[in-house]
Amino acid sequence: MKSDENSMQGVSRAAAILRVLSSAHVSLGYIAKATGLPRSTVQRLVNALAVEELVEVTNDGVSLSWGIMRLADAAQSSLLDKFRSAIETMFQETHETVDFSTVYGKEVTYIEKIHSDQEIRVVPKAGRPMPLHAMSNGKAMLSIMSKSEVQAVIGSQPLKMTSHTKTNVKDILNEIETIRATGYAYDFEEHSEGICCIATPIILPGHRPYAISITVPFFRFEQNLPLFRDALDQCKNKIESSFGKKQL
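Residue numbers (my numbering): -7 to 240.
See below:
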């Protein structure tokens, strides 16, 4: 029994370490402070995780390694297989660019994206930063995080992407409260000039935050918001209600 308890404690502590890591390197001291674990325990667990290729240890510190990324990719692929039909239906209803996304570090990362088939459409530019506070899907995911998590992600000096980007932390926190109340997050040319977006969070118990969104040229956005909100609601309901159901 004692051995089982020690094993469970070890797994719990290892998971705590993984939760504070990202692609950026951090020190052992940072991990110890963030997890509340003794530095010696952190060192021992980090070494064990490195053997399993779940973390990478360099002179710059500790970061997530390719092993954990492979596990995450497998989990996301499994989720996507289950939810793809709902996302495709949302595309058929709007014929705009739609996506299913999650959080990686402090940025939005896309799991699936279907590009608009209209003559004038939105095609994201590769390599452009994707801070959560400047994107509707990012804001939607922030709305299901705790206040301390939100503040840790956006920092004290949020990146300004366009002249429309909110960079005042208080304004961002107030907007997130509104998103929690309404269920919708908006990007009015805050990430890229001429592009608007609407999103809603996807809540899957036991999983990281997700969001679905619709991205549109600014001149088609506001007049079609009722259609977009309805399409998002239907897609969200299908995804969340199907989560956990056994596939026949």
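C-beta: ideal position from N, C-alpha, C; glycine also.
Beta-carbon gap between residue i and residue j smaller than 9 Å
i, j, result
"residue 122", "residue 90", "no"
"residue 201", "residue 209", "no"
"residue 203", "residue 138", "no"
"residue 42", "residue 19", "no"
"residue 171", "residue 221", "no"
"residue 79", "residue 227", "yes"
"residue 102", "residue 132", "no"
"residue 55", "residue 44", "no"
Selected residue, minimal CA-CA separation from residue i, among the options
i, options, result
"residue 97", "105, 146, 115", "146"
"residue 108", "18, 85, 35", "85"
"residue 162", "180, 42, 222, 125", "125"
"residue 211", "181, 232, 198", "181"
"residue 157", "215, 229, 187, 217", "187"
"residue 224", "102, 37, 83", "83"
"residue 154", "183, 167, 1", "183"
"residue 94", "135, 80, 110, 55", "135"
"residue 196", "144, 165, 233", "233"
"residue 88", "55, 216, 231, 230", "216"
"residue 235", "75, 120, 140", "75"
"residue 140", "26, 198, 39", "26"
"residue 105", "151, 229, 205", "205"
"residue 7", "40, 17, 32", "40"
"residue 29", "229, 10, 144", "10"
"residue 207", "130, 13, 22, 59", "130"
Element boundaries [beta strand (DSSP E), containing residue i]
i, result
"residue 45", "Note, residue 45: premise wrong, no beta strand (DSSP E); not H, not E."
"residue 194", "187 to 194"
"residue 21", "Segment 20 to 27 is the alpha helix (DSSP H) holding residue 21; no beta strand (DSSP E) there."
"residue 214", "Counting along the chain, residue 214 falls outside any beta strand (DSSP E), and DSSP gives it neither H nor E."
"residue 105", "99 to 106"
"residue 53", "53 to 56"
"residue 91", "89 to 96"
N-terminal and C-terminal residue of the alpha helix (DSSP H) that residue i is part of
i, result
"residue 182", "Run containing residue 182: none; DSSP gives neither H nor E here."
Which ranges would you report for the alpha helix (DSSP H) in the region 111 to 165 if only whole runs of at least 4 residues count? 128 to 134, 139 to 146
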